[in-house]
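*Asks:*
4 protein chains.
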Amino acid sequence: MYRHCFFDDYSEGAHPRVLAQLAADTLAQEPGYGNDAPSQRAAALLRIATGSPGAAVHFVSGGTQANLIALASVLRPHESVVAAASAHIHVHETGAVEATGHKINLVAGADGKLAPDAVRAVVAQHADEHMVRPRVVFVSQPTELGTLYSAAELEALSEACRELGLYLYLDGARLASALASPACDLALPRLAALVDMFYLGGTKNGALFGEAIVITNPALQPDFRYHLKQRGALLAKGRALGTQFVALLEDDLYLELARHANAMAARLATGLRAAGVRFLGDPVTNLVFPILSDATIARLREAYGFHVWGRVDDAHSAIRLVASWATTPAAVDAFLDDFAASTAAG
Amino acid sequence: MYRHCFFDDYSEGAHPRVLAQLAADTLAQEPGYGNDAPSQRAAALLRIATGSPGAAVHFVSGGTQANLIALASVLRPHESVVAAASAHIHVHETGAVEATGHKINLVAGADGKLAPDAVRAVVAQHADEHMVRPRVVFVSQPTELGTLYSAAELEALSEACRELGLYLYLDGARLASALASPACDLALPRLAALVDMFYLGGTKNGALFGEAIVITNPALQPDFRYHLKQRGALLAKGRALGTQFVALLEDDLYLELARHANAMAARLATGLRAAGVRFLGDPVTNLVFPILSDATIARLREAYGFHVWGRVDDAHSAIRLVASWATTPAAVDAFLDDFAASTAAG
Amino acid sequence: MYRHCFFDDYSEGAHPRVLAQLAADTLAQEPGYGNDAPSQRAAALLRIATGSPGAAVHFVSGGTQANLIALASVLRPHESVVAAASAHIHVHETGAVEATGHKINLVAGADGKLAPDAVRAVVAQHADEHMVRPRVVFVSQPTELGTLYSAAELEALSEACRELGLYLYLDGARLASALASPACDLALPRLAALVDMFYLGGTKNGALFGEAIVITNPALQPDFRYHLKQRGALLAKGRALGTQFVALLEDDLYLELARHANAMAARLATGLRAAGVRFLGDPVTNLVFPILSDATIARLREAYGFHVWGRVDDAHSAIRLVASWATTPAAVDAFLDDFAASTAAG
Amino acid sequence: MYRHCFFDDYSEGAHPRVLAQLAADTLAQEPGYGNDAPSQRAAALLRIATGSPGAAVHFVSGGTQANLIALASVLRPHESVVAAASAHIHVHETGAVEATGHKINLVAGADGKLAPDAVRAVVAQHADEHMVRPRVVFVSQPTELGTLYSAAELEALSEACRELGLYLYLDGARLASALASPACDLALPRLAALVDMFYLGGTKNGALFGEAIVITNPALQPDFRYHLKQRGALLAKGRALGTQFVALLEDDLYLELARHANAMAARLATGLRAAGVRFLGDPVTNLVFPILSDATIARLREAYGFHVWGRVDDAHSAIRLVASWATTPAAVDAFLDDFAASTAAG
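Protein chains in written order, with my numbering: chain A, 4 to 349; chain B, 4 to 349; chain C, 4 to 349; chain D, 4 to 349.
#1: Quick check: the stretch 64 to 80 of chain B against the stretch 271 to 278 of chain B, are there 3 or more CB pairs under 8 Å?
#2: Which residue marks the beginning of the beta strand (DSSP E) containing A:Y170, and which one marks its end?
#3: Could you list which residues in chain B have their beta carbon closer than 7 Å to that of D:A102, in chain order?
#4: Using C-beta distances below 8 Å, list every residue in its chain close to B:P119, excluding the 5 sequence neighbours before and after it, in chain order.
#5: To the nearest angstrom, report how far apart A:N38 and A:G241 are at their CA atoms.
#6: Kindly indicate which three-state DSSP category B:G35 falls into: helix, strand or coil?
#7: When you check each C-beta in the stretch 117 to 135 of chain D against every C-beta of chain A, which residues fall closer than 7 Å?
#8: Are any of the Cβ atoms in chain B nearer than 9 Å to that of C:D199?
#9: Taking Cβ-Cβ distances shorter than 8 Å, what residues in chain B pair up with C:D226?
#10: For D:L339, which residues from the same chain have a beta carbon less than 6 Å from its beta carbon, with the 5 sequence-adjacent residues on both sides left out?
#11: Can you tell me the Cα-Cα spacing of C:R123 and C:L167, whole angstroms?
#12: Below 7 Å on C-beta distance, what does C:Y229 contact in chain B?
#13: Which word fits B:E101, buried or exposed, when buried means at least 16 other C-beta atoms lie within 10 angstroms of its C-beta?
#14: Report yes or no: do three or more beta-carbon pairs, one from the stretch 39 to 56 of chain A and one from the stretch 38 to 58 of chain B, lie closer than 8 Å?
#15: Is there contact here, the stretch 28 to 35 of chain C with the stretch 202 to 215 of chain C, by at least three beta-carbon pairs under 8 Å?
#16: Name the residue from B:T103, B:A183, B:L324 and B:A121 whose alpha carbon lies nearest to the alpha carbon of B:Q144.
#17: I believe A:V63 touches A:E214 by the beta-carbon criterion, under 8 Å. Please report the beta-carbon distance rounded to the nearest angstrom.
#18: Would you say D:V84 lies against chain C (beta-carbon separation less than 9 Å)?
#19: Might you give, ordered along the chain, the residues of its own chain that have their beta carbon closer than 6 Å to the beta carbon of B:L271, omitting 5 neighbours on each side?
#20: Using the beta-carbon of each residue, which ones in chain D are nearer than 7 Å to B:H18?
#21: Mark C:V198 as exposed unless 16 or more other C-beta atoms lie within 10 angstroms of its C-beta, in which case mark it buried.
#22: Answer with yes or no whether the minimum CB distance from D:H61 to chain C is below 9 Å.
#23: Taking 8 Å as the threshold, find out whether the stretch 188 to 203 of chain C comes into contact with the stretch 230 to 237 of chain C through three or more Cβ pairs.
#24: With a threshold of 9 Å between beta carbons, is B:L74 in contact with chain C?
#25: Does the beta-carbon distance from A:E82 to A:R136 come in below 9 Å?
#26: Step through the CB atoms of chain B and report whether any lies within less than 9 Å of the CB of D:T288.
#27: Beta-carbon within less than 7 Å of B:S42's beta-carbon, same chain only, minus the 5 sequence neighbours each way: which residues are those?
#28: Inspect the beta-carbon positions of B:V126 and B:A86 and report whether they are closer than 9 Å.
#29: Please say whether B:A239 and A:G66 have beta carbons closer to each other than 9 Å?
#30: Please confirm whether A:G313 and A:A306 have their CB atoms less than 9 Å apart.
#31: Which value, in whole angstroms, describes the spacing of the CA atoms of C:L22 and D:M267?
#32: Taking C:A264 as the reference, which of C:Q247, C:V249, C:L283 and C:T288 has the closest Cα?
#33: I need the DSSP call for B:L191, collapsed to helix, strand or coil.
#34: For A:A59, which residues from the same chain have a beta carbon less than 7 Å from its beta carbon, with the 5 sequence-adjacent residues on both sides left out?
#35: Rounded to whole angstroms, what's the CA-CA distance from C:H91 to C:A181? Just pull it up for me.
#36: Per DSSP, what are the beta-bridge partners of C:V311 in this structure?
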């Protein structure tokens with residue numbers, strides 16, 4: 004019913020090359036539970052891409068699953084996670100972390116990022132056994148608000164974590180989009196070296212489903228498959244995950260798709276900016292948060308799908324437009340045309 | 004390196020018609036998290052196939068995930084699951100049920116089935132607040148040992164559960180194989196009416212991955228999506244599950260694939276029986292448990308993949324041969340030929 | 004080493020009448036696990052005191068235990084607790100609620116109280132299955148900051164909870180002190196009628212240990228002893244709890260002790276106010292939060308035990324003074340004298 | 004209504020010397036949460052009694068609490084407990100261990116003991132990530148069936164645990180009774196050296212309530228107070244526990260009380276044996292399991308409280324008689340007289 008949706012980057016299915024790879028090897032017999040050749044190959048490709056020859060790599064089916072298993076695997080019962088108040092694990096995962104028994108200690112912050120001093124303050128406040136013990140810091144790149152950690156920022160945070168005896172975990176649901184952004188000076192090998200564990204998302208970047216968990220800290224590698232199995236994440240046909248990541252990683256398809264999504268978002272932003280629109284935060288990845296009048300929003304919603312992100316003033320709200328690997332220039336241009344018509348009409 | 008593997012029914016990828024369906028609609032934009040059109044269509048097909056117009060249907064990525072979420076969704080903290088000692092949830096799911104906080108009360112039984120009186124005895128033994136309260140009975144069709152509940156047996160068990168105030172849950176990882184078996188007098192609508200919740204497995208019957216949870220008891224339907232989300236099972240691209248089940252359910256492809264797997268297992272069994280081989284249990288689904296001499300097993304293992312199931316006597320063991328939708332008559336006949344050669348050599 | 008401690012109301016042991024009651028019946032044989040005559044008698048006395056003839060009453064050994072069991076007993080896995088950011092369960096119970104699998108949704112608030120509109124806002128924000136479902140509201144009387152809910156305030160909150168389908172739970176670790184306060188217009192029977200479950204604290208009011216959980220909502224009464232047992236709270240000698248509450252409840256000893264503690268706190272407050280001291284909040288229970296200069300605090304700490312509560316300005320902090328059933332006028336007067344000397348010296 | 008109860012060893016309250024000690028120091032001000040002088044003193048006495056100068060000692064209010072906290076504190080999510088099928092944690096603690104997320108792997112055994120080979124077999128069966136990983140072995144002394152581990156037996160089990168990388172935990176709810184038994188060659192310091200953690204029970208041996216957890220393995224000592232607090236076991240007035248253990252440990256009162264209980268049980272056994280009664284197991288502690296005719300049992304139950312333990316044949320059952328620190332020779336002799344009258348009448 005919508006002419007086009009900018010709701011999210013998982014509105015379409017998988018990229019044709021991913022589907023082709025799944026079809027290509029479907030009759031080959033492979034061992035189950037991630038011990039298949041495609042998963043081994045995808046893991047090898049990821050070790051190269053991350054510059055982490057010693058990393059352990061595991062594939063799971065979704066982001067909430069990746070987060071809850073990764074975090075629960077490193078925590079003892081009395082230990083907690085430190086995260087920004089806007090963090091996905093806090094707001095939008097239905098208490099998945101708490102369901103594994105752990106508290107999340109929140110840090111306020113306007114831009115969705117965690118500052119080293121804020122983490123230090125949380126640790127300082129948790130001084131004895133009447134309070135949980137902070138043990139792992141959760142960040143995402145890009146953040147929930149679409150902002151990016153610079154290399155210097157993540158280095159400072161990583162250093163603070165090491166100094167405080169905390170692990171650093173990074174949720175990379177849209178990491179490819181960050182890596183492909185001209186605004187990002189934090190390359191994958193550097194990022195991998197600064198954190199203890201992270202995941203590179205496939206679902207939001209052309210896979211049918213799937214996220215790749217990369218454990219760079221050797222101390223966190225043992226027994227991880229037990230955690231996967233116990234939480235229902237060890238797929239019998241693990242090849243379904245491995246095969247997709249082979250397709251995404253070979254020839255850097257994952258970066259190509261992310262660059263395309265970013266470019267479509269930039270095309271949206273450029274068009275809107277030219278028409279005088281302001282934005283909530285700089286558009287640097289595949290997410291754009293333009294601030295529009297409520298009247299314009301109402302008219303655009305008749306033909307386009309998107310989320311209203313939050314009210315800005317009495318007459319304006321920010322909306323969220325998301326571009327994907329499958330967004331076409333034509334769809335973007337149609338939106339910009341209709342926007343122009345809407346504002347002219349208003 | 005093996006000429007052919009009979010390890011399991013998830014050694015190959017997805018059936019070509021499943022892959023074709025995934026490819027066919029990949030560019031269509033769909034709502035996320037299972038609210039997509041293919042998932043709605045697959046649910047409707049399942050309501051028809053199960054004769055349960057009021058059933059709630061949800062799709063998840065694997066069997067352990069289906070089991071842990073289904074069971075935890077119906078239990079209060081002090082309530083337990085009753086299961087056969089051979090049950091998959093007890094032996095081979097890494098304590099997934101216990102990780103959600105619940106004990107499994109075990110019932111011994113030679114054939115992998117639960118008898119109503121055994122369930123009554125467990126309930127009678129748990130008389131007060133110093134013990135857990137049994138609340139849900141776990142069965143599978145076929146059982147872990149390849150046996151089948153008859154309609155009369157499941158009716159008796161269902162009646163005992165209702166009488167005792169217990170829910171009845173059925174793990175149907177290989178349910179299609181049971182339904183397609185000539186030895187099975189328990190049709191899907193009857194089964195659906197006798198249990199409160201069950202799942203129909205896709206992973207072991209031609210899907211890339213995926214299981215369909217069917218909740219026939221209306222009291223257990225509310226809030227199920229919260230449980231899915233909290234345990235990491237609500238895929239952003241839920242369409243990846245729905246689309247596959249559309250392919251499997253349309254024109255009863257799932258039964259066609261199961262019949263093929265059963266036929267290949269029967270071909271194995273017939274050939275071996277003709278050579279004088281005995282079996283651990285009657286081969287009635289896609290699993291065959293022939294008892295072979297250790298020497299024969301050793302020779303066969305050079306060319307074929309299969310699991311040794313258990314020792315029978317000093318010189319013989321049972322092996323497990325599993326046929327799938329992709330097993331060819333040629334592969335079966337090659338195995339039988341090599342078996343004949345092995346025994347001749349012995 | 005201190006002349007006297009105002010650290011807390013659990014610095015002394017049990018009141019002599021409590022100990023006498025324990026000694027009086029020590030050789031009588033009683034059934035175990037709370038089925039003893041003293042526990043039955045104490046429960047009956049509590050039903051009278053709360054005007055709740057249908058209430059279920061259970062005795063446990065401490066406040067964190069009471070809170071975690073009460074809350075976990077009413078929640079399904081995806082449901083959460085709503086509490087003030089200053090709540091004890093959030094800050095000072097080492098993630099006990101999260102360890103049972105549940106998130107706490109926090110509400111900011113200067114005075115430690117929850118306003119009905121704040122609760123309504125939390126419920127409104129949690130609209131779908133991507134977020135937890137708020138299900139029980141946690142308050143304490145007095146609050147963590149020593150403030151009191153008026154009858155009108157708790158009525159409004161209770162009405163909001165009923166309207167929103169939420170349970171209302173009240174932590175009464177220091178409830179006797181509130182009930183005995185002249186500033187409190189909320190009597191025990193009214194309070195009991197407004198909440199679904201609460202506990203009346205013994206540990207901080209003359210018991211050796213023990214809290215009495217009162218469940219007024221019949222829907223929450225079944226199976227509570229299972230929860231007690233599973234969490235390790237069902238004492239074999241449950242009589243040890245029941246006997247103490249008989250001593251506290253007969254002749255309203257619990258109110259007499261609380262009135263004494265309040266009076267000693269008021270004596271402290273009056274003396275300090277006369278010397279020009281200001282307070283963090285009005286002293287209405289057995290807790291007093293005077294604001295003193297850092298120099299004065301340093302001198303007083305040489306002879307008296309108390310907690311520094313928080314910094315007020317560059318040169319002043321608030322301290323917390325707590326009076327108990329055992330605090331003597333002489334101890335209070337000595338403190339006031341030494342305070343006078345300290346400030347004179349300064 | 005009963006002339007006397009032999010139901011259990013927690014039917015009476017606390018020993019007068021325990022109560023006197025509680026009364027003696029009730030007005031002294033002490034730090035909270037186990038940092039009080041009596042708890043420190045009791046811990047020191049226990050380090051001496053166990054010959055373990057480096058042991059960490061903590062006091063909790065009950066046995067289920069001790070077990071669930073001790074076990075959960077050493078396990079990672081995928082790890083399990085190995086226990087006898089008769090173990091209290093499996094049968095009679097309402098799934099307390101499972102509620103912390105962990106499976107119990109059961110070992111059959113007629114005498115309630117765990118044999119090293121049985122533990123080795125469990126470990127051997129749990130070979131990969133599809134099953135839990137056994138990590139701690141649970142035993143009790145005496146066992147649930149009243150039998151005792153000899154020094155040689157516990158040494159062999161301890162050696163097997165070290166060899167297999169398992170921790171060994173001992174539930175000592177009635178440990179004093181074992182230590183005081185002439186049939187026991189396993190002294191406290193030897194026992195303490197063979198296990199990694201254990202508790203010495205107070206509740207069943209003259210305390211009002213309380214168990215002393217002793218952690219001899221230094222690797223298991225850090226952060227234990229966090230676990231205590233999170234599970235609701237850190238009493239504000241920890242002195243209530245420490246003071247009682249000071250009374251029990253000074254002058255070895257705990258052994259004196261256990262010897263008395265054992266002697267009363269032996270007096271029962273001797274009297275019954277003289278009358279030709281047989282027993283279920285040798286009476287070696289304060290528990291006696293005589294096998295009586297159903298008619299005799301029915302007559303004795305009119306005047307005496309005891310549990311019927313299990314049916315032996317069509318006309319006979321075993322009953323369980325428990326003697327305590329408070330059982331008098333007169334009560335025993337009255338029972339024996341009435342038994343003689345009962346059988347004469349029959």
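The beta carbon of each residue, even a glycine, is placed where N, CA and C say it ideally should be. All values derive from a computational prediction rather than experimental measurement.
*Replies:* Reading off the structure:
#1: With a cut-off of 8 Å, the stretch 271 to 278 of chain B and the stretch 64 to 80 of chain B do not count as touching, because too few Cβ pairs lie within range.
#2: Y170 to G175
#3: P80 and G104
#4: Here the set comprises A159, L160, E162 and A163.
#5: 7 Å
#6: coil
#7: E132 and H133
#8: no
#9: R79, H81, E132 and R136
#10: G274
#11: Going by the C-alpha atoms only, they are around 8 Å apart.
#12: H81, E132 and R136
#13: buried
#14: The answer is no - the stretch 38 to 58 of chain B does not touch the stretch 39 to 56 of chain A, with fewer than three Cβ pairs under 8 Å.
#15: no
#16: B:A183
#17: 5 Å
#18: no
#19: V291, L324 and V335
#20: Those do not exist, as B:H18 stays about 26 Å from chain D at its closest Cβ, beyond 7 Å.
#21: buried
#22: no
#23: no
#24: Cβ-Cβ to chain C under 9 Å: no for B:L74.
#25: yes
#26: no
#27: Counting only Cβ-Cβ distances below 7 Å, and skipping sequence neighbours, we find F62, G241, R242, L244 and G245.
#28: no
#29: yes
#30: no
#31: 29 Å
#32: With distances taken between CA atoms, C:A264 lies nearest to C:T288 out of C:Q247, C:V249, C:L283 and C:T288.
#33: helix
#34: I218, Q224 and F227
#35: 17 Å
#36: C:I322
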